[in-house]
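Each protein sequence line maps, in turn, to chains Y and S.
The opening position of the first sequence corresponds to residue 10 in the working numbering, with each subsequent residue numbered one higher.
The opening position of the second sequence corresponds to residue 10 in the working numbering, with each subsequent residue numbered one higher.
In what follows, a structure is listed as structure tokens, so that the remarks can point back to it.
Number of protein chains: 2
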Amino acid sequence: MKPYVFGVDVGGTAIKLGFFGPEGKLLKKWKIPTRIENSGSHILPDIVSEMEKTLAAANVDWADVEGVGIGIPSPVTEDGIVLRCINLDWGVFSIPERLRKLQPAIQRIRVANDVNAATLGEMKHGGGKGRNSIVMVTLGTGIGGGVIVNGKMVFGRSGAAGEIGHICVNPDETERCRCGHRGCLEQYCSATGLLKMTRRRMAQNPEEETVLRDMTDFTAKDICDAARDGDYVANDMLKRLGRRLGIALSAVAGTVDPDVILIGGGLSSAGDILFDKIITYYRTYAFHAYQDTEFALAKLGNDAGIYGCMEMVYLAAMEEEQEND
Amino acid sequence: MKPYVFGVDVGGTAIKLGFFGPEGKLLKKWKIPTRIENSGSHILPDIVSEMEKTLAAANVDWADVEGVGIGIPSPVTEDGIVLRCINLDWGVFSIPERLRKLQPAIQRIRVANDVNAATLGEMKHGGGKGRNSIVMVTLGTGIGGGVIVNGKMVFGRSGAAGEIGHICVNPDETERCRCGHRGCLEQYCSATGLLKMTRRRMAQNPEEETVLRDMTDFTAKDICDAARDGDYVANDMLKRLGRRLGIALSAVAGTVDPDVILIGGGLSSAGDILFDKIITYYRTYAFHAYQDTEFALAKLGNDAGIYGCMEMVYLAAMEEEQEND
């Protein structure tokens, strides 16, 4: 096992990079903007260039780097084939292949969906520490999900395991989700969805009083704050979110029955006012055998991705060592 | 690896037993009634006595039996702890421990939920042959489910992984499922559920014509036959079943993204008139990345359980051999 690893979390607006040393110690973390132009063709060269600068500054050679772990915001197969990534304007290609062409000295390359990677990060260093089977759901602009079973990330046939945000929870919905379907969980339970649903309700019920009417342009955080201050409409909207999400998570638990369900993403900072509702509805609708599944908040925030990407490389190296033993 | 294995599929009315020889060849299969009386305390002794008679007749010693695989109709942990099994009137106890007390010569004991075991059987010998990640759903009196990821059965924290029948698909349902909750998939998509929903509809719409009215006591099979003969109500009921099941399976696929989804159980013998509807609705509601998941019918019928139970023992033996290599 070589002493250094890079963990790279590629997002739609920024690429977060982590340079890890012996025993997974984070030596440096930084970020660069994601250049989407020209079909995202700058992204991998930018990453390689950043890693090379870092190695030069630290006086470390590629021969001492175990590998590079990369998380991307779309389904990706276990072999690292990305199957169209809208946020990066990427088509279908092999990330390890392209990366090796740019820098043949890179030894091990692991790629995963960003939330799957973050889930691994949380399992090793965050809210899921000590657990072996984890489901994580991140509530942000969209909804992401990650699934780990028996210590291993689940990729799925098309790299789409854990795409919890696009589970259909309302087949009668008339508006479309950005994925093109109607009734996805994301349409109701992401920060964006919460805002949209609240505005829809306020427009449909103009007589209903809420402090949100006094704000010209409120945010998901404002809704959570208003709920905490006792605003009926705001609180009821969080209830509805919690009910939909609780039911959806009980279906996920019916499939893999995890040790713990982690809630992350920007909206999770709302705290108990939302967290308690999700758990209450989960326990109401979940089958008795997994009714008491533990819930926890994700802990690593934006760093979960780079930690998870680093861990993918370590796990792959350890597996290989065991096989060669 | 020893040449013989027993596979034992314990159901609520009958125990199916299989005696397997070298290379997993089925040498003998038979069944005995399940004696539920006295808190199901006869069940394990009956199984041991059957195995002993079989070994005596074949002139085989326990020393030549690799082990016994057992499937039971309830959640069970990977260690073989049953957590209350209503159908067998069992409480909480360790099956391997109790079995070893009855017959200390038994070497390897593996226990799993019956549908999880059957899913493994289908993966090795039936409709899922050659696949590595499988979801199976069985439509019978109830709904069972099994999940295999990367070649390994998923048990889950409380042994309830794959409890697809009790996923909540209608939180507004007023009638209770036999599990005590309201709105479980099983209430609509099992053979029993189909019957109940059809009767409910006929009672609520007395003016609606259907050939089913001419039968004094129709069955789920009659509904499928009537649908095939063009009866509108019967066909529409299968459509509704297919829609609910298709949507539920798309949530399951959003969690583990399997290579193939197998449909089994008595109702699956309805064939294309039902199968096509499930698939159509699945493809309508599933996220694009796993929209084209393959569907297949389970092939082994009632034998899937004993085959899967046998395979659990082989897999455990092979894993141990690899570890010792």
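All residues carry an ideal CB built from backbone N, CA and C; glycine is no exception.
Keep in mind the model is a prediction, meaning the values are calculated, not measured.
task = Could you run through the region 156-175 of chain S and flag, in chain order, every residue whose CB is less than 8 Å away from some CB of chain Y?
result = 156, 158, 159, 161, 163, 164, 165, 166, 167, 168, 169, 170, 171, 172, 173, 175
key: Own chain, CB closer than 6 Å to residue 317 (chain Y), minus 5 neighbours either side, in chain order   = By 1-based counting over the first sequence, the position of residue 317 (chain Y) is 308. If we look at residue 317 (chain Y) and ignore the five residues flanking it on each side, its Cβ neighbours are 126, 127, 129, 130.
task = Within the same chain, show all residues whose beta-carbon is closer than 6 Å to that of residue 78 (chain Y), passing over the 5 residues directly before and after it, in chain order.
result = Position 69 of the first sequence, counted from the start, is the residue given in the question as residue 78 (chain Y). The beta carbon of residue 78 (chain Y) lies closer than 6 Å to those of 16, 119, 318, 319, 321, 322 in the same chain, with the five residues before and after it left out.
message = Which residues in chain Y have a C-beta closer than 8 Å to the C-beta of residue 198 (chain S)? List them in chain order.
response = What you label residue 198 (chain S) is simply residue 189 of the second sequence in a count that begins at 1. Those do not exist, as residue 198 (chain S) stays about 14 Å from chain Y at its closest Cβ, beyond 8 Å.
Chain C residues whose Cβ lies nearer than 7 Å to that of residue 84 (chain Y) = The structure shown has no chain C; the protein chains it does contain are Y and S.
query = Using a Cβ-Cβ cut-off of 8 Å (strictly less than) and excluding sequence neighbours within five positions of residue 101 (chain S), which residues of its own chain qualify?
reply = The count along the second sequence starts at 1 and reaches residue 101 (chain S) at position 92. Answer for residue 101 (chain S): 90, 91, 92, 93, listed in chain order.
ask   = Quick one: which chain Y residues come within Cβ less than 9 Å of residue 190 (chain S)?
value = Translated into positions along the second sequence, residue 190 (chain S) becomes position 181. By Cβ distance, chain Y contributes 293, 294, 295, 296, 297.
ask   = Any beta-carbon of chain S closer than 8 Å to the one on residue 260 (chain Y)?
value = By 1-based counting over the first sequence, the position of residue 260 (chain Y) is 251. Yes - at least one Cβ of chain S is within 8 Å of the one on residue 260 (chain Y).
message = At the 8 Å Cβ level, is residue 263 (chain Y) part of the contact set with chain S, yes or no?
response = In the first sequence, residue 263 (chain Y) corresponds to position 254, counting from 1. Taking Cβ atoms only, chain S reaches closer than 8 Å to residue 263 (chain Y), which makes this a yes.
query = How long is the line joining the alpha carbons of residue 284 (chain Y) and residue 59 (chain S), rounded to whole angstroms?
reply = Position 275 of the first sequence holds residue 284 (chain Y). Position 50 of the second sequence holds residue 59 (chain S). Cα to Cα, residue 284 (chain Y) sits roughly 52 Å from residue 59 (chain S).
task = Counting only the same chain and skipping the five closest in sequence on each side, list residues whose C-beta sits under 7 Å from that of residue 73 (chain S).
result = Taking the second sequence and counting its residues from 1, the one referred to as residue 73 (chain S) is at position 64. Around residue 73 (chain S): 11, 12, 13.
Residues of the region 92-108 of chain S with Cβ closer than 8 Å to any Cβ of chain Y, in chain order = 92
4-residue-minimum alpha helix (DSSP H) runs that sit fully inside the region 12-92 of chain Y, ordered along the chain = 46-49, 52-67
message = Between the alpha carbons of residue 87 (chain S) and residue 121 (chain S), how many angstroms are there, rounded?
response = The count along the second sequence starts at 1 and reaches residue 87 (chain S) at position 78. The count along the second sequence starts at 1 and reaches residue 121 (chain S) at position 112. So the two alpha carbons sit approximately 7 Å from each other.
query = Using DSSP with H/G/I as helix, E/B as strand and the rest coil, what is residue 94 (chain S)?
reply = In the second sequence, counting from the first residue as 1, residue 94 (chain S) sits at position 85. Reduced to three states, the DSSP call for residue 94 (chain S) is strand.
query = Near residue 163 (chain S), which residues of its chain fall below 6 Å by C-beta distance, leaving aside the five closest residues on each side in sequence?
reply = Numbered from its first residue, the second sequence carries residue 163 (chain S) at position 154. Excluding residues within five positions, the ones whose Cβ falls inside 6 Å are 156, 170.
ask   = Interface residues of chain Y around residue 123 (chain S) at Cβ under 9 Å?
value = Walking along the second sequence from the start, residue 123 (chain S) turns up at place 114. Simply none; closest approach about 15 Å.
query = Is the region 96-115 of chain S close to the region 272-289 of chain S, with three or more CB pairs under 8 Å?
reply = no
ask   = On the three-pair Cβ rule with 8 Å, is the region 325-334 of chain S touching the region 200-215 of chain Y?
value = no
message = Rounded to the nearest angstrom, what separates residue 267 (chain Y) and residue 216 (chain S) at their Cα positions?
response = Reading the first sequence from its first residue, position 258 is the one you call residue 267 (chain Y). Reading the second sequence from its first residue, position 207 is the one you call residue 216 (chain S). In a straight line, the C-alpha of residue 267 (chain Y) is about 48 Å away from that of residue 216 (chain S).
request  = Please specify which runs of the beta strand (DSSP E), each continuous and at least 3 residues long, are wholly inside the region 119-149 of chain Y, giving them in chain order.
outcome  = 143-148
task = Buried or exposed for residue 230 (chain Y), please, with buried defined as at least 16 other CB atoms from any protein chain shown within 10 angstroms of its CB.
result = For the purposes of this step, residue 230 (chain Y) is identified with residue 221 of the first sequence, where counting begins at 1. It is exposed - the Cβ of residue 230 (chain Y) has fewer than 16 other Cβ atoms within 10 Å.
key: Residue range of the alpha helix (DSSP H) that includes residue 203 (chain S)   = For the purposes of this step, residue 203 (chain S) is taken as the residue at position 194 of the second sequence. Where residue 203 (chain S) is concerned, the enclosing alpha helix (DSSP H) stretches over 200-213.
ask   = What runs of the beta strand (DSSP E), each 3 residues or longer, lie entirely inside the region 171-198 of chain Y?
value = Within the region 171-198 of chain Y, no complete beta strand (DSSP E) run reaches 3 residues.
ask   = Along chain Y, which residues have their Cβ under 7 Å away from the Cβ of residue 256 (chain S)?
value = Here residue 256 (chain S) refers to the residue found at position 247 when the second sequence is read from its first residue. Those are 177, 180, listed as they occur along chain Y.
key: Pair within 8 Å by beta-carbon distance, residue 194 (chain Y) and residue 257 (chain Y)   = In the first sequence, the residue the question calls residue 194 (chain Y) occupies position 185. In the first sequence, the residue the question calls residue 257 (chain Y) occupies position 248. Taking 8 Å as the Cβ cut-off, residue 194 (chain Y) and residue 257 (chain Y) qualify as a contacting pair.
query = Taking residue 138 (chain S) as the reference, which of S:288, S:329, S:306 has the closest Cα?
reply = Stepping through the second sequence from its first residue, residue 138 (chain S) is reached at position 129. Comparing Cα positions, the closest option is S:306.
ask   = What three-state label does DSSP hand residue 163 (chain S) in the structure shown?
value = To locate residue 163 (chain S), count along the second sequence from 1; it is residue 154. Note: residue 163 (chain S) maps to coil in three-state DSSP.
key: Those residues which DSSP pairs with residue 304 (chain S) across a bridge   = If you number the second sequence from 1, residue 304 (chain S) lands on position 295. According to DSSP, residue 304 (chain S) bridges with S:270.
request  = Enumerate in chain order the residues of its own chain whose CB-to-CB distance from residue 85 (chain Y) is below 6 Å, with the five nearest sequence positions on each side excluded.
outcome  = The count along the first sequence starts at 1 and reaches residue 85 (chain Y) at position 76. Answer for residue 85 (chain Y): 91, 120, 122, 168, listed in chain order.
ask   = Would you call the region 39-49 of chain S and the region 17-24 of chain S in contact, with 3 or more CB pairs under 8 Å?
value = yes
request  = Kindly indicate which three-state DSSP category residue 102 (chain Y) falls into: helix, strand or coil?
outcome  = Here the question's residue 102 (chain Y) lines up with position 93 in the first sequence. If DSSP states are grouped into helix, strand and coil, residue 102 (chain Y) belongs with the strands.
inquiry  = By the three-class DSSP mapping on this structure, what secondary structure does residue 232 (chain Y) have?
reply    = Against the first sequence, residue 232 (chain Y) aligns to sequence position 223. In this structure, residue 232 (chain Y) counts as helix in the three-state DSSP scheme.
message = Can you pull out the residues from the region 61-88 of chain Y whose beta carbon lies closer than 7 Å to at least one beta carbon of chain S?
response = 84
ask   = Name the residues in the region 268-289 of chain Y whose C-beta lies less than 8 Å from a C-beta of chain S; which are they?
value = 268
ask   = Which bits of chain S does residue 58 (chain Y) rub up against, with CB to CB less than 8 Å?
value = Position 49 of the first sequence, counted from the start, is the residue given in the question as residue 58 (chain Y). Going along chain S, no residue has its Cβ under 8 Å from residue 58 (chain Y), so there is no contact; the nearest lies around 31 Å.
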